[in-house]
Each structure stands twice: as C-alpha cells, then as structure tokens.
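Below you'll find the structure, written out as structure tokens, and then a few comments.
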C-alpha cells in the first residue's frame, strides 16, 4: 500500500517520504480501515518530531519511530474485521482514532471508532475525532460548563478551539473566543457571542470575569489567567505549548495542579480519552446541527509533510486534512 513513512525523528519536510509498505495486521478487536481522509492534529507534529522528548517514552520509540507511519485520526471504510468484531462489517463508513493513518490502510480498535455521520463529508469527519474529543472532555468533564455561564476560550480558531466554541454554545454558555485578527470572522461565524482579537485588544480590558477558561493557545501566565476567573471559576489548560524540547509547556500545567489545592479557583489540565462513547456524543451534536467541523485546507497524501508544517506554524483555521 502507499504510505508516508519516516525512519527518524525531525521536522516533517526533512524526514517524511512516500513509500510502498505492507498493509497492517489487525488484532481480534480491531478493524482494518481503507482510509479515505486522514486528519492532521497537533499530535501528528509531536510524533513526527519526537518532541517534547517524553513523547518518545510513550511507546513510540526512544531513538527512532517504532512505527514508521504517522497519523491517528481518519474517516474511511471498513476493509476487514478482527475475529472478535461484531459491531462493524466490511464496507461500513466509519471515523475515529487509529494508528498509521497517513496511508491507504490503517488499523483501529473498535473501542475508538463510530459510524460516520451520513451528512458529513469524509474531509469533515476526518477533521473531527481527536480535536473534538479533546474539546468535549474539556468543556463537559473538566470545566463542567452549564447553561448561562461565561466561558472564555483562548485559541478559539484552531482545531480544538473551533469545536470547543460550538460545544460550549450547545451547552448554553455565553462564549468569548480569543484569536488573531484574520480569524475573528471565523470564530464569530461558529457561534461565539464575543470575539477578542488578542493582537489589538487586551482580554481583560472589559473587566469581565469568567466561570470557566479553556486555555488552548497563548501561554499566558497563571497569574494573568486567574485574574480573568471568577473566585470559584475553573481554568482548564488544554494546550498552550511553549516549544521546549523537554517539557513543551507542561511545566506551566504542573504548576497549575500544584497551586490549585491552595486557592478557591480550580486550576487543572487533562489528557483526553479516546473512546467510542464520547465520539458518539460528538456525532449526536453534529447530527443535531450544533457542531460543524471546520476544514481549512485539504492536502493530497504526497503533501502530508506540508500539511503538518502548515498546522505547526499556526496558520490553520480549524483543521487541515490529507486525502488518500
């Protein structure tokens, strides 16, 4: 099968290349998926570059990639099923989280895939799984957003941010999105009640304090963020990477966890859970018209490295995807 592979860690343009490799074997509780479109999430860059270094200790290979094919979200069709699989059949259109998705075929656990919403394109579906799961769990489980609450989403125009804005609105929140000048119209179009252009405006200038803040981008200090929170408010640090090779911004998240028990505000971080139940919840929001995936650009498979670089450089409005 055709695939984009890498033998060493580094920037995508330097280490990725096209190749012909064997189709992956699938386990008893897995399916083989014919990938139609693969999504490009932030993790694709981390696993390509091998940064920050602790990423390599998570089973992906310390000195070199254990699996040569990157890509962990997809939309496609089931090509074969494992011996224990009864919920999906060959030809079913599915989307979700898999392994090695920058290829014609990938394997996926049945516990991480669901049927593709019928009215979504494959491009929209592939843009959804990892970013939407992160957004849902940040809004629902960590911030515990309720109707009428004021929610600030920093980094509202990116992959996670565009889903977070829409999910918070679906939950009845009053949402303020923070983004750069060129993305203000996008954030407003997906339902944000207020939009702050951080290049020209001070987030705290209006004196509003928020019940919940989702910090997805920007790297602002805990002190600054706490000033924007209600005394009993919740800060959820979702991303906001610094680019450090060892911790990559995790140090700020760890400081938040250490400080949280000593203040009235809840300061937290989390690692998203990849599971079919939450993917089904996202599908329900999509089917209800409350969430629409935002796709910025579509790249062909042979330009996967360019797609990852485009995403890494912060140009993306929503998500980019790769067609196989």
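Numbering (the working numbering), first residue to last: 28 to 351. The beta-carbon is built from N, C-alpha and C at its ideal position, and this holds for glycine as well.
Contact under 8 Å by Cβ, residue i with residue j
i, j, result
"residue 218", "residue 237", "no"
"residue 196", "residue 205", "no"
"residue 60", "residue 127", "no"
"residue 44", "residue 75", "no"
"residue 139", "residue 303", "yes"
"residue 14", "residue 161", "Only positions 28 to 351 of the chain appear in the structure, and residue 14 is not among them; the question remains open."
"residue 200", "residue 178", "yes"
"residue 152", "residue 190", "no"
"residue 322", "residue 150", "yes"
"residue 121", "residue 56", "no"
"residue 69", "residue 213", "no"
"residue 277", "residue 71", "no"
"residue 349", "residue 64", "yes"
Beta bridge counterpart(s) of residue i as assigned by DSSP
i, result
"residue 221", "203"
"residue 43", "Answer by DSSP bridge pairing: none, since residue 43 is not bridged."
"residue 284", "Answer by DSSP bridge pairing: none, since residue 284 is not bridged."
"residue 31", "45"
"residue 181", "205 and 242"
"residue 87", "For residue 87, which the question treats as bridged, DSSP gives no partner whatsoever."
"residue 349", "65 and 326"
"residue 96", "32"
"residue 120", "104"
Opening and closing residue of the beta strand (DSSP E) in which residue i lies
i, result
"residue 380", "Examination of residue 380 is not possible in this model, given that the chain is present from 28 through 351 alone."
"residue 263", "256-264"
"residue 61", "57-67"
"residue 11", "This structure leaves residue 11 out entirely; the chain is present only between 28 and 351."
Distance between residue j and residue i (C-alpha atoms, nearest Å)
i, j, result
"residue 181", "residue 49", "42 Å"
"residue 29", "residue 41", "19 Å"
"residue 225", "residue 117", "48 Å"
"residue 147", "residue 286", "42 Å"
"residue 338", "residue 241", "20 Å"
"residue 170", "residue 231", "20 Å"
"residue 332", "residue 347", "12 Å"
"residue 289", "residue 301", "31 Å"
"residue 324", "residue 211", "18 Å"
"residue 222", "residue 156", "25 Å"
"residue 234", "residue 228", "13 Å"
"residue 38", "residue 174", "43 Å"
"residue 46", "residue 35", "15 Å"
Extent of the continuous alpha helix (DSSP H) to which residue i belongs
i, result
"residue 134", "Run containing residue 134: none in the alpha helix (DSSP H); it sits in the beta strand (DSSP E), 132-136."
"residue 234", "No alpha helix (DSSP H) contains residue 234, which DSSP labels as neither H nor E."
"residue 140", "Element bounds for residue 140: not the alpha helix (DSSP H) but the beta strand (DSSP E), 140-142."
"residue 189", "186-197"
"residue 21", "Residue 21 lies beyond the stretch modelled for the chain, which goes from 28 to 351, so this question has no answer here."
"residue 215", "211-216"
"residue 158", "156-163"
"residue 150", "149-153"
Residue i, DSSP secondary structure in three states
i, result
"residue 341", "coil"
"residue 129", "coil"
"residue 326", "strand"
"residue 50", "coil"
"residue 279", "helix"
"residue 73", "helix"
Residue i beta carbon near the ligand MG (any heavy atom closer than 7 Å)
i, result
"residue 158", "This structure lacks the ligand MG, and indeed carries no ligand of any kind."
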